[in-house]
Structure formats: C-alpha cells, structure tokens
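Residue 211 is where the sequence shown starts when you use the working numbering, and the numbers rise one by one after that.
One structure below.
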Amino acid sequence: MRKGRVDYTKLRQRMVEEQLISRGIKDKRVLTAFLKVEREKFVPKNLRKEAYEDFPLSIGEGQTISQPYMVALMTQCLKLQGEEKILEVGTGSGYQTAILAELSKEVFSLERIEKLAHKARRILHNLGYTNVQIFVANGTLGWEEFSPYDRILVTAGAKEVPLPLIEQLKDEGIMVIPVGDLYSQKLKVIEKRGDVINSRTVESCIFVPLIGKYGWDESVKNG
Ligand code: SAM
Numbered sequence: 211m212r213k214g215r216v217d218y219t220k221l222r223q224r225m226v227e228e229q230l231i232s233r234g235i236k237d238k239r240v241l242t243a244f245l246k247v248e249r250e251k252f253v254p255k256n257l258r259k260e261a262y263e264d265f266p267l268s269i270g271e272g273q274t275i276s277q278p279y280m281v282a283l284m285t286q287c288l289k290l291q292g293e294e295k296i297l298e299v300g301t302g303s304g305y306q307t308a309i310l311a312e313l314s315k316e317v318f319s320l321e322r323i324e325k326l327a328h329k330a331r332r333i334l335h336n337l338g339y340t341n342v343q344i345f346v347a348n349g350t351l352g353w354e355e356f357s358p359y360d361r362i363l364v365t366a367g368a369k370e371v372p373l374p375l376i377e378q379l380k381d382e383g384i385m386v387i388p389v390g391d392l393y394s395q396k397l398k399v400i401e402k403r404g405d406v407i408n409s410r411t412v413e414s415c416i417f418v419p420l421i422g423k424y425g426w427d428e429s430v431k432n433g
C-alpha cells in the first residue's frame, strides 16, 4: 500500500465489524455482500474517503446514500435466499441495488431523478451486474410489468404504504419500507399472507421523502 493511499478493503472490514456485526446484523450472506461491494464507487469522488463512515452521504440532487447500517438492516429484514425477484423503489446511488443484486436473482429498481438513475446504471454496469434493471419512474406506482415481486424495498420515507406496492407484492412476500412523517419514520416489515397484511416496526429512521402519487407532494423539500 503506497503512502497516502486509502485502504478501502480495510475500511470495509472495519465497517462490517464495528457498524454491522456489533449492532446485530447476523445474516452471513448479507455480511459477505457488504465485504464485497465497493461502496466508495457509489459516492461522489470528493467524499470517497468517507464512504465507510457511520452516516449517510450526499449524492447530489438533494439525495443521499443511506448509512451502511440502515442498508444492512433493511437487507437483512428481506430474508433473501438467492432466488428472489425484487422491486426496489429509490435507486439513489445504486449501492443498495448492488447489495440486493448480490443476494437475489433479479432486481428491478425505480428512481424518479433521471440523473441519479443514469449514474447508478453506469456504475452497476461497470461493476458487471447483469441481473439489475433501473427505470426512471414514479416508484409509488410500482412497476406492474414484472409483478408480482417476492420482495419490495422502499428506500425513501413514505407517509403510508402505497397501495400499488401491496398489490404487486407476491403472496408470502415481504416488503420493507420506512413510514412516518417528513422528518422521522419507523422502518416497517410488511408480510402478505393472502388477504392478511402483517406489519411490524423494526427501528426508527430518517429518510428523504418518497415523492409521488402515493407519497409526498413534489413541493416538499428534499434532503
Ligand atoms: N438506497 C439508496 C442508496 O444506496 O444510495 C439511497 C436511496 S435515497 C435515501 C432515496 C431515493 O429515493 C432518492 O434517490 C430519491 O430520488 C428516490 N425517490 C423518492 N421518491 C421516489 C419515487 N416516488 N420513485 C422513485 N424514486 C424515488
């Protein structure tokens, strides 16, 4: 290692030990994915040295790449085995998308901001992911074409669970979604069993708002 060079592998290992394992992330496949995916590739160049810090970072357009622990917790709650078809709402940087792509069969990811979607698509392509498709779309409507989904992950704060997402979730499927007001939410795990929808709260959290027909109005301030 040349002097002055950042050892990202070491930072990644430290992040997994100090931020994830120590807080109860146990799923071995999730931890392996976090050891593999190069988070620094998904953050703006001037923030790369902070890529493995214990907080969200700005990715431009008023949006953020979520705190590593929150990405890990949401992923663990999805209970992925490797064969799932996933809908992700809120591609952002594409980091969470990469983690999902490592752990499932295919990922459809929706992002409302074109610039972010293009950037994430390019990074994921350069990293060799072939099981991901990113669309520029209002994710509160879901993406009917490929539904139903085994898992749905929403990575922006909703004021309620969007009805189309419940409809597009497979029977026995799991959805993870932050729900609450603009400035604080509860991370919910929703399980569909026929007509019965079970919901439990896992953690308090703060996400940028989910904008759209079944989300917040465009006029709310992002960030
Ligand atoms: N998981 C992402 C990552 O790893 O970088 C971070 C996602 S960021 C916290 C939330 C994203 O949701 C933002 O990029 C925002 O533009 C997007 N978003 C908000 N409302 C949306 C909607 N209705 N449809 C699609 N994307 C939406």
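C-beta atoms are modelled at their ideal positions from N, C-alpha and C, and glycine is treated no differently.
{"query": "Same chain, Cβ closer than 7 Å to Val-371, neighbours up to 5 away in sequence not counted", "result": "Ile-387, Val-389, Ile-400"}
{"query": "Ser-429 Cβ short of 8 Å to the ligand SAM heavy atom set", "result": "no"}
{"query": "Residue span of the alpha helix (DSSP H) that contains Glu-293, given as start and end", "result": "Element bounds for Glu-293: n/a, residue is neither H nor E."}
{"query": "Residues bridged to Gln-395 [DSSP beta-bridge criterion]", "result": "Gly-390, Cys-415"}
{"query": "7 Å CB neighbourhood of Tyr-359 in its chain, flanking five on each side removed", "result": "Lys-295, Ile-296, Leu-297, Gln-378, Leu-379, Lys-380, Gly-383"}
{"query": "Simplified DSSP assignment, three categories, for Tyr-339", "result": "coil"}
{"query": "Residue span of the alpha helix (DSSP H) that contains Val-247, given as start and end", "result": "It is not in any alpha helix (DSSP H) - Val-247 carries neither H nor E in the DSSP assignment."}
{"query": "Own chain, CB closer than 6 Å to Gly-300, minus 5 neighbours either side, in chain order", "result": "Thr-365, Ala-366"}
{"query": "For Asn-432, three-class secondary structure by DSSP", "result": "Its pLDDT being 49, under 50, Asn-432 is placed unreliably in this model, and the value from its coordinates should be taken loosely. Coil at Asn-432, not helix or strand."}
{"query": "Presumed contact (8 Å Cβ cut-off) between Leu-230 and Leu-221, rounded CB distance", "result": "So it is not a contact: roughly 13 Å between Cβ atoms."}
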